[in-house]
Structure formats: structure tokens, C-alpha cells
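Plus 260 on top of the position in the sequence shown (first one is 1) and you've got our numbering.
Glycine is no exception: its CB is placed at the ideal position from the N, C-alpha and C atoms.
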Amino acid sequence: MSDVSPLRNAVRKGSGLKQLGGTWGELLAEFLGTFVLIAFGDGVVAMAVAALPGSGRAATSTTIFMAAGDWLLITWGWAIAVTMAIYVGGGVSGAHINPAVTVAFAVRRKFPWKKVGPYILAQIVGAFAGAALVYLLYHDAIDAYNKAAGTGRSDPKGLATYSIFATFPAPYFNGNPVGPLVDQIVGTAFLVLFVVAIIDMRNTAVQANLGPFMIGLAVAAIGMSVGANAGYAINPARDFGPRLFAWLAGWGQTALPGTVDGAFSWYFWIPIVGPLVGGVIGVLIYDWFIGDVLHARTLLAEPTLPGRAGADIAPASEPKRAA
Numbered sequence: 261m262s263d264v265s266p267l268r269n270a271v272r273k274g275s276g277l278k279q280l281g282g283t284w285g286e287l288l289a290e291f292l293g294t295f296v297l298i299a300f301g302d303g304v305v306a307m308a309v310a311a312l313p314g315s316g317r318a319a320t321s322t323t324i325f326m327a328a329g330d331w332l333l334i335t336w337g338w339a340i341a342v343t344m345a346i347y348v349g350g351g352v353s354g355a356h357i358n359p360a361v362t363v364a365f366a367v368r369r370k371f372p373w374k375k376v377g378p379y380i381l382a383q384i385v386g387a388f389a390g391a392a393l394v395y396l397l398y399h400d401a402i403d404a405y406n407k408a409a410g411t412g413r414s415d416p417k418g419l420a421t422y423s424i425f426a427t428f429p430a431p432y433f434n435g436n437p438v439g440p441l442v443d444q445i446v447g448t449a450f451l452v453l454f455v456v457a458i459i460d461m462r463n464t465a466v467q468a469n470l471g472p473f474m475i476g477l478a479v480a481a482i483g484m485s486v487g488a489n490a491g492y493a494i495n496p497a498r499d500f501g502p503r504l505f506a507w508l509a510g511w512g513q514t515a516l517p518g519t520v521d522g523a524f525s526w527y528f529w530i531p532i533v534g535p536l537v538g539g540v541i542g543v544l545i546y547d548w549f550i551g552d553v554l555h556a557r558t559l560l561a562e563p564t565l566p567g568r569a570g571a572d573i574a575p576a577s578e579p580k581r582a583a
């Protein structure tokens, strides 16, 4: 009997080498990276909402979000989750782990459009699987919290345990989708702006192994600054994958279509559309204000070609003139 798996055996024979070294390998990395993101990101929310109160390590069995420290736990937990996810998959797929990043890179012509759909699908499936793992680990704590709070999963007022998996808007929006939508656009625009700034080697570049850490800090900054409005999903896969799992696990209309008691009835689309729009805006802003300037400076720093004056080098936004 062979001591290697069929997959590894196929790779050794060469039949699977091309697939693993190409798009299939990238999709596996996107799946695993997004899985790690949600396992630790949703995991820290489960800790704050259900596990810490239920374990006797909080004042009561339903004590959550009673102090700024609870929010800091969540923001730093998500930041570390992002960092670890990028470390896991970055060397294979670039660790987009976010459809907003994938689409923004494609719009920027730094990523092929033919891979956008497969990447997004891998991210959503990875997020769904990560949410399933969190539920496996914390379903007892979730049920204990709901029992102590006198709510059920399908109770429209039982948002606390649902918030472990996906996002919802603050009540002060009073059902108006404009506020949460703008919040998601702005938050994701900042995220992608920070990402492209960090990975741009022409800018004040960080060492490659510090890039994931810096992106994690960017996520922490967004969470601390604009996170309370709508839970700072800033990632369609991060919200929709766990939202779909929560719907299947019994949270019903609170998850899909996203009914928030007394306010929203179809919220699920906002953490999808908002980040996709915001990501494109963020990358365009970076290129307009920084990227084109850096590109022009790079061209000006190049050695002058024989027979061509240095002043003949056109700005980055214009084609070069014929000599």
C-alpha cells in the first residue's frame, strides 16, 4: 500500500503539478486563508458574547459590551485574525481573503478578471466553513446565553448571538439604508487604500513579512474608528458566508434577508454592495493621489535613452510622445 495520499501521488507523477501550481492552488489558499480569518474573527466575537459570560468570567451570564474593553477585544481579535490569514495564504494567492480586494485589484488591472469569480467563491466557502467551526466550538455557550437572556435563535430581538456570525446596523439609523451603506463604502475604501499603500514597493515599503501585520493594524484602526455603525464587515465574504451559515443554523430572517427588529427588513445586501463599491473607490483614490505620482517619479529617475531628452518623458497619466 502506498504511503502517500492520492493527491500527493498525483503531484509526484506530474499529473496534478500544474493544477496545484496554478489557479487551483490559489483557490485552496484563498479558501484556507478566509477560513482562518473567520475562525478567529468570529471566534473572538463568540468569546465576548457567549463564552466569557457563560464561563463565569464575566459579571453575569449575559454581560456583554458593557465597557470599551469588550470592543477592544473584538477589534484586536479581528486584527490578529486578518494578520494570521494573510500569513497563511499570502505566498500562494496573495491572500485577498476579501471579494472587495479581489475586485479592486481587477479594476486596477493588477489581477485577471477571469479569476475574480473563482476567488470570490473560494472566499465565501472558506468563510462559511470558518463559521461552522466557530459554531461547533461554541454552540453550547450560544444556547446557554440565549437561555439566560430569554431569547431564541429565531427571535427577532435576539441579535446578540447572531452577531457572532454576521453584522447588523446600529439602531440610530432607524431603518435608513443610506447610513450603513455609506459606512461600508467608507470603511472598505480606507481598507483597500491602506492595503495598496502597504504593498506598494515604490512607497514607504515595509518588509514582505511585516505586510500582514501592518494590514492587521489597519483593520484594527478601522474597527476602533468606524466599527460601531454597522459592525465593520468591510468584506462581502466575511459577512455573507457566516450569514448563510447562521440562516441554516436557525437564526432565520435575522440572518437572511437580514431583518433587524423595528428597523431593517433586507439588510444582507449592504455588506456586499458597500464593500465592493468602497474597495474600487479606495484603490482609485490611492492611484490618483499617490500611485500616479510614484509612477511619474519612477519614470523621471530612469536613465535617459539615447536620442531622447529627459524632458520628453510623459507624465504617468499620459502616453509617451513619439521621439
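**OP:** Measuring alpha carbon to alpha carbon, tell me which of Asp521, Trp373, Ala355 ends up nearest Val363.
**Re:** Trp373
**OP:** State yes or no: is the C-beta of Ala478 within less than 8 Å of the C-beta of Phe500?
**Re:** no
Original post:
Within 10 angstroms of its Cβ, does Gln467 collect 16 or more other Cβ (buried), or is it exposed?
Top reply: exposed
Original post:
Out of Ile550, Lys370, Asn358, Pro429, which has the shortest C-alpha to C-alpha gap to Tyr379?
Top reply: Asn358
**OP:** Go ahead and pull the three-state DSSP assignment for Gln383.
**Re:** helix
Original post:
From Arg498 to Tyr492, what does the alpha carbon distance come to, in whole angstroms?
Top reply: 10 Å
Original post:
Can you find at least 3 beta carbon pairs, one from the segment 436-451 and one from the segment 541-550, that sit closer than 8 Å?
Top reply: yes
Original post:
In whole angstroms, what separates the C-alpha of Ser414 from that of Leu393?
Top reply: Going by the C-alpha atoms only, they are around 21 Å apart.
**OP:** Go ahead and pull the three-state DSSP assignment for Ser525.
**Re:** Look at Ser525 here: in three-state DSSP terms it is coil, with no helix or strand label.
Original post:
Straight-line CA distance for Met307 to Asn436?
Top reply: 30 Å
Original post:
Are at least three pairs of beta-carbons, each pair with one atom in the segment 416-423 and one in the segment 511-523, less than 8 Å apart?
Top reply: yes
Original post:
Leaving out the 5 sequence neighbours to the left and right, which residues in its chain are closer than 6 Å to Tyr347 when beta-carbon positions are compared?
Top reply: Pro472
Subject >> Rounded straight-line distance, which links the Cα of Tyr395 to that of Ala299 >> reply: For Ala299 and Tyr395, the distance between alpha carbons rounds to 9 Å.
Subject >> Option nearest Ala311 by Cα separation, candidates His399, Ile550, Leu288 >> reply: His399
Subject >> Three-state secondary structure (DSSP) of Leu280 >> reply: helix
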